[in-house]
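Only one structure is covered here, and it is reproduced in the block below.
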Amino acid sequence: MRSHLLRTSIVTAVLVCGVATAASAQICISIDQARDMLSPDERSAALLLVEKQFELAGRRIAAAGCPAAYELSHVRLGNTIVVTLAGPLGHRETTAIGLDDLPAVYSQMVRSLVTGEALGSMAIVDRTNVTASQDLPARRVQSDTYWHARLGYGGVFGNQTHGVPALGFGYRAEFDRFGVDLSFFNYHFDQGSGYYASRGSAIAGSLLKLEGLYFTSPTANRTAYFGGGLSWGGTNLGEGQKSWNGQGLQGELTTGYELARATNVRLFVQGDATLPFYNTVSQTYSYPQRLPNGSYLVPTVSTERRYTPSVVVSIGLGWQRHRP
112 MRSHLLRTSI
122 VTAVLVCGVA
132 TAASAQICIS
142 IDQARDMLSP
152 DERSAALLLV
162 EKQFELAGRR
172 IAAAGCPAAY
182 ELSHVRLGNT
192 IVVTLAGPLG
202 HRETTAIGLD
212 DLPAVYSQMV
222 RSLVTGEALG
232 SMAIVDRTNV
242 TASQDLPARR
252 VQSDTYWHAR
262 LGYGGVFGNQ
272 THGVPALGFG
282 YRAEFDRFGV
292 DLSFFNYHFD
302 QGSGYYASRG
312 SAIAGSLLKL
322 EGLYFTSPTA
332 NRTAYFGGGL
342 SWGGTNLGEG
352 QKSWNGQGLQ
362 GELTTGYELA
372 RATNVRLFVQ
382 GDATLPFYNT
392 VSQTYSYPQR
402 LPNGSYLVPT
412 VSTERRYTPS
422 VVVSIGLGWQ
432 RHRP
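So this is what it looks like as structure tokens:
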């Protein structure tokens, strides 16, 4: 008798637990009538699709009024639909691109609620539920970009001032207020009239220069601008019988005025100052007199250092291959 009662109790407990578990896994879904903007037929289809996703996740669908109630709504503007699903497991909101995108959106939203993963996480995305917005490239702020060439005149300041012609090439990207300029082969050079020429020779500039620019009138057709950056370059001077050489990192300061910004051909006047982070070096060798035995003593080396900044004023022309 006792054995029979024990078996009955165990079976009853198992049945009660099973019923409780089934009840806890049951959910019901309804449309938020106050917010939803779909048509009646579209709402019915949406409910069926969401219910199917919950069933695939192991949940049972019950009639309205169950403890685990979820509300679904769609806010529509043009082809964009903002979908919201809220219930006991949390609140999820995302965007669908058109009605055809809704099944994939529902799949990710339900998986996100059931697993606790964030929307868009790779833990809930597979090859069957990638949304249209996830399949598009991310949007970026458009910038004006163009190639440019510059020609001008400048000075290199050594023991004397060397007036030199200058040229340079580059690529510039401009937003409304800020810009980035990457230029190369920015050189000013003058070989003089000979090795012993009184005015000497000068070659200075940068192999590569990177600068940030600031435009004072960002939306205007013409604007002043200024900026600064760094470059890698060198300086070589010939003054009399001495030569001065140096290379390394350089500071760059720029100011200018740009015209015709509303067209795909730009014209600008620009002033540049190059401030090397190094000194140029000159070495002079002094040879003593020859000894009676015909040999020479070790020569004396005299080293001099000098700071050699430079400035350039140039006219530049920029062009775009196409304008979006």
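Per my numbering, the very first residue in the sequence shown carries number 112; after that it's consecutive.
C-beta atoms are modelled at their ideal positions from N, C-alpha and C, and glycine is treated no differently.
Mind checking which residues open and close the alpha helix (DSSP H) that includes residue i?
i: T226; result: 213-226
i: Q164; result: 151-167
With 16 as the cutoff for other CB atoms within 10 Å, does residue i come out buried or exposed?
i: H202; result: exposed
i: S150; result: exposed
i: R432; result: exposed
i: Y307; result: Any reading at Y307 must be qualified, since the residue scores a pLDDT of 47, below 50, and its modelled position is unreliable; the value itself is stated next. Flag for Y307 reads exposed.
i: Q271; result: exposed
i: Y217; result: buried
i: D287; result: exposed
i: G429; result: buried
i: R261; result: buried
i: E322; result: buried
What residue range does the beta strand (DSSP E) around residue i cover?
i: Q381; result: 376-387
i: S425; result: 421-430
i: A361; result: What sits at residue 361 in the sequence shown is Gln, not Ala. Taken as a continuous stretch (DSSP letters only), the beta strand (DSSP E) holding Q361 covers 353-370.
i: G198; result: 191-198
i: I208; result: 201-208
Answer with yes or no whether the minimum CB distance from residue i to chain D is below 8 Å.
i: E285; result: The structure shown contains no chain D; it holds only a single protein chain.
Rounded to a whole number of angstroms, what is the C-alpha to C-alpha distance between residue i and residue j?
i: T132; j: E182; result: Here the model assigns T132 a pLDDT of 44, short of 50, so the residue's position is not dependable and the matter cannot be decided.
i: T366; j: A229; result: 48 Å
i: K320; j: H299; result: 14 Å
i: R283; j: L293; result: 6 Å
i: S425; j: K353; result: 30 Å
i: A157; j: T330; result: 46 Å
i: A335; j: L348; result: 33 Å
i: R222; j: R377; result: 53 Å
i: A243; j: F296; result: 46 Å
i: P178; j: I138; result: 7 Å
i: Y368; j: Q381; result: 7 Å
Between the Cα of residue i and the Cα atoms of the options, which residue gives the shortest distance?
i: R416; options: L324, R222, F388, L428; result: F388
i: V338; options: L247, A331, F289; result: Reading the sequence as shown, one finds Gly at residue 338 and not Val. For the residues L247, A331, F289, the minimum Cα distance to G338 belongs to F289.
i: A173; options: W430, I140, I208, W355; result: I140
i: N390; options: Q381, L318, N356; result: N356
i: V161; options: V422, T195, V392, S342; result: T195
i: M220; options: G263, T206, G176; result: T206
Looking at the strands, I want to know which residues DSSP matches up with residue i.
i: I140; result: Y181
i: D255; result: E285
i: Y333; result: Contrary to the premise, residue 333 reads as Arg rather than Tyr in this sequence. In the DSSP output, where bridge partners are listed per residue, R333 has none listed.
i: Q394; result: T414
i: N347; result: I314, N356
i: V291; result: A284, G323
i: T272; result: F268
i: V236; result: Its beta-bridge partners do not exist; DSSP assigns none.
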